[in-house]
Each structure stands twice: as C-alpha cells, then as structure tokens.
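Here's the structure, in structure tokens; my notes come after.
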Amino acid sequence: MTRANPQWRLAARPAGAVTAATWAWREEPVADPADGEFLVENEYLSLDPAMRGWLGEARSYIAPVAVGDVMRAVGAGRVIESRHAQFPVGAHVTGLFGVQRFAISNGRGVQAIDPKLAPLPVWLGALGMPGLTAWFGLTDVGKMKAGDTVVVSGAAGAVGSIAGQVAALSGCRAIGIAGGPAKCAWLRELGYAAAIDYKQPGLNLKHALRDAAPDGIDLYFDNVGGETLDAALAKLARGARVVLCGAISQYNATGAWRGPANYFSLLVNRASMTGFVVLDYAARYAEGVQALAAWYATGQLKTRETVIDGLAQFPRAFDALFAGENVGKLVLRIQ
Ligand SMILES: NC(=O)c1ccc[n+]([C@@H]2O[C@H](COP(=O)([O-])OP(=O)(O)OC[C@H]3O[C@@H](n4cnc5c(N)ncnc54)[C@H](OP(=O)(O)O)[C@@H]3O)[C@@H](O)[C@H]2O)c1
C-alpha cells in the first residue's frame, strides 16, 4: 500500500524571523524500509529553538538543513514496519525523524521509550533532550552544589522549567526569569524560590536580580543571552559558573548579535563561562534519564506541555516558540 507522507520542507533560508516563504508543504509517497531500517509514524514533534539555527548557513555544531530538504525535528512515534532487529513493530521511539508524518530510520540516534512510564510529549521534554540539557548543564557543566543560588533564564520553557526543579531538588535556591505573571506564578509552584517577570513594564533586571539574590549568583544557566546575560553577569558571586545553554533573544537577529558587555565580571569574580551542546553527552543519556525519571515517578519533577494540533500548523507552532506562547515543552500533535 502506498501511503502519502505529508511533510514540511525548507523552501528558503530566512533573514531574521521565519516567514511563510521559509516553508513548503509537500505530500510524498512513503518508501518501504530496506534491510536494517524501520518505518516510524510520528505522533508528536518537538519544537526547539535550535531549529532556527539549523536554517542558517553559518558554521555550527550540526550541518544546516539543506534548502529543499524535509525540516529537521525530533519526533516521537511508533514503529509500524520493521526490518531492524532492535526496533520491532509496535516499539515507541524518539529520534530525528523530521517534520513529517512518516520517516524511515536506520536506528542511528534513536531512543526506545516506554509510554507506560510517561506520555510521549514528556519523552520529548522532561525525559528527553530538554530535560537532559538541564541535567547535564547544571550538574556537569555548571558544577552545581547544594546551597548554590542558581538563576535560570527562559525559566518557564522546556529546559528552564526542568533546570529550576533540578536545582531546587538538589538543595539549591533557584531563581527564574520568564515573561509574564502567569509563567512566574507557575515557576513558584515548581519550587523556584523567586521568579522575575522580565516583561514587567519599567523592570530593571539588574535590580531585580540584586533583590532576589542579595549574595550574588553562584550559577547562572542562560537560555536567553543578550541583555539578560549582561544583567546576570553584573550580579555574579565569587567563583560563579555561567553556563551558556542558549541565546534565544538573538536567534532572529539580522545584524551582529548582542554580546556581553559585562564580561569583565568574570575576572573580578574569578568566574567562568562555559558553552555546551547536549549532543556531546549522548553516551551518558541513560544516566540523566534515570535521575530525572526517578523524580518524575515520585511526582517531585512536574511537567507541563503546550500542545498544538495538526502537522499543517507547524509554521504557527514554530513562531509560537519565539513569541513565548509556550508554557513548558512545546509539541505538535500530528494525529
Ligand atoms: N546547548 C544545548 O545543547 C541546548 C539544548 C536544548 C536547548 N537549548 C537552548 O535552550 C534554550 C531554551 O530552549 P527550550 O527548548 O527550553 O525553549 P523554550 O524555553 O521552551 O521556548 C522558548 C522560550 O524562550 C522565551 N523567549 C523567546 N524569545 C525571547 C526573547 N527575545 N527574549 C527572552 N526570552 C525569549 C519565551 O519565553 P518567555 O515568555 O519567558 O519570553 C519562549 O517560551 C534555547 O536557547 C535553546 O536554544 C540548548
């Protein structure tokens, strides 16, 4: 039986924010899996700010998506045909399956997941790449220790909502920065000791950080970059660690990115600033999933997903990330 495979392809590289001209909708026939391959039916797709970076030609940690190719995305779904011993029909999996309903995979980079342990969207969020980013970013890169004052920007998003909880559950005082009173109220429910609404009119972020962290910031987990990074740099404690996880405020910039003016604070405070890419922890994912899943199973790690329905809605879902419409993990439900 020939199935139609609806999908979104990259039509043109955007300058600045993506537009309708960035994407092209196609329906292609689904190929049969060859020996050593399987066919997966995506049920959910993960929307990740990193996808904006994959649209540009600049050198990065991963090759850009080629114009004309199916847009790259992490999907979660079920194996429906298989000629691969490790991934039988019926297995649930996550992997880089692309913005499409069906995908052929040879299993490289694919994780088997247990939907009885957590629903599929959670495997794209708290127990997936974003959760692991929070986990390894704090514990390994940020050398988090009990008693630290930990500030997280983008705190109500997929990575940030887990980062604050991991910090609080590890005996740290977590302070979140997020846009809007509803997101900040949710952060307090999650165990953030304080939440700063950076969109509040007239807010001076440096002053708000000074009030929330009077002894300074021991660990700053940065998802946002730009002015937010600068404000946090101005409030570091001695020996602070700054973890560069992302810089979403700059991803749509058409000119030069805003870099940190307050970098000299690193010298004054004998601090360090380290960038990392979660893909480099692939060999240790099981360790991170185990720690997060244990907290999830006892209800200590809370998750929230913002679900947008329909593959046709992919362009709108992509924009939602940059408009701050998501609380927790943003996913697209395909069927
Ligand atoms: N290094 C790695 O390996 C790695 C892995 C995964 C993710 N990341 C990075 O981690 C960050 C968070 O990713 P995520 O998946 O958890 O996304 P997310 O936080 O769930 O979604 C994006 C959020 O960013 C905020 N935002 C959007 N535009 C902004 C702006 N101009 N200024 C400040 N905040 C803005 C919005 O929240 P507000 O309403 O609060 O503005 C929005 O909800 C991103 O920078 C991403 O690139 C890095």
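FYI, the working numbering numbers position 17 of the sequence shown as 20, with every residue one higher than the one before it.
Built from N, CA and C at the ideal position, the CB exists for glycine as well.
On a predicted model such as this, the values are computed, not experimentally measured, just so you know.
Shortest gap from the CB of threonine 152 to any heavy atom of ligand 1: 7 Å or more. In this structure, the alpha-carbon of proline 52 lies about 11 Å from that of alanine 76. By the 16-neighbour rule on beta-carbons within 10 angstroms, proline 184 is exposed. Straight across, the Cα-Cα distance linking alanine 274 with phenylalanine 224 is about 13 Å.
In terms of side-chain proximity, the C-beta atom of serine 63 is found no nearer than 7 Å to any non-hydrogen atom of ligand 1. Runs of alpha helix (DSSP H) with 4 or more residues, each lying fully within the region 285–321, are found at 288–300, listed in chain order. Burial check for phenylalanine 267: the Cβ neighbour count within 10 Å stays below 16, so the residue is exposed.
The beta carbon of valine 102 sits closer than 7 Å to the beta carbons of Gln10, Trp11, Leu48, Val73, Met74, Ala76, Phe317 from its chain, once the five residues preceding and following it are set aside; these are given in chain order.
Under DSSP, the beta-bridge partners assigned to glycine 179 are Val155, Ala198. Around the beta carbon of isoleucine 65, fewer than 16 other beta carbons sit within 10 angstroms, so the residue counts as exposed. Here DSSP, grouped into helix, strand and coil, assigns serine 63 to coil.
Nearest to proline 263 by C-alpha distance, out of Gly229, Thr257, Val246, is Gly229. The closest heavy atom of ligand 1 lies 7 Å or more from the beta carbon of aspartate 72. Glycine 134 is not a Cβ neighbour of asparagine 226, given a cutoff of 8 Å.
Valine 43 and valine 70 have their C-alpha atoms roughly 24 Å apart. By the neighbour-count definition (other C-beta atoms within 10 Å, threshold 16), asparagine 255 is an exposed residue.
One thing to note: arginine 244 has its Cβ within 8 Å of the Cβ of lysine 146. As DSSP reads the structure, valine 334 sits in a beta bridge with Ser49, Val310.
For aspartate 38, same chain residues with a beta-carbon under 6 Å away, outside a window of 5 residues either side, are Arg86 in chain order.
In this structure, the C-beta of alanine 198 stays at least 7 Å away from each heavy atom of ligand 1. Within the DSSP bridge table, the entry for threonine 277 names Val246 as partners. Proximity to valine 280 across Phe105, Met132, Pro17, Arg104 peaks at Met132, based on C-alpha coordinates.
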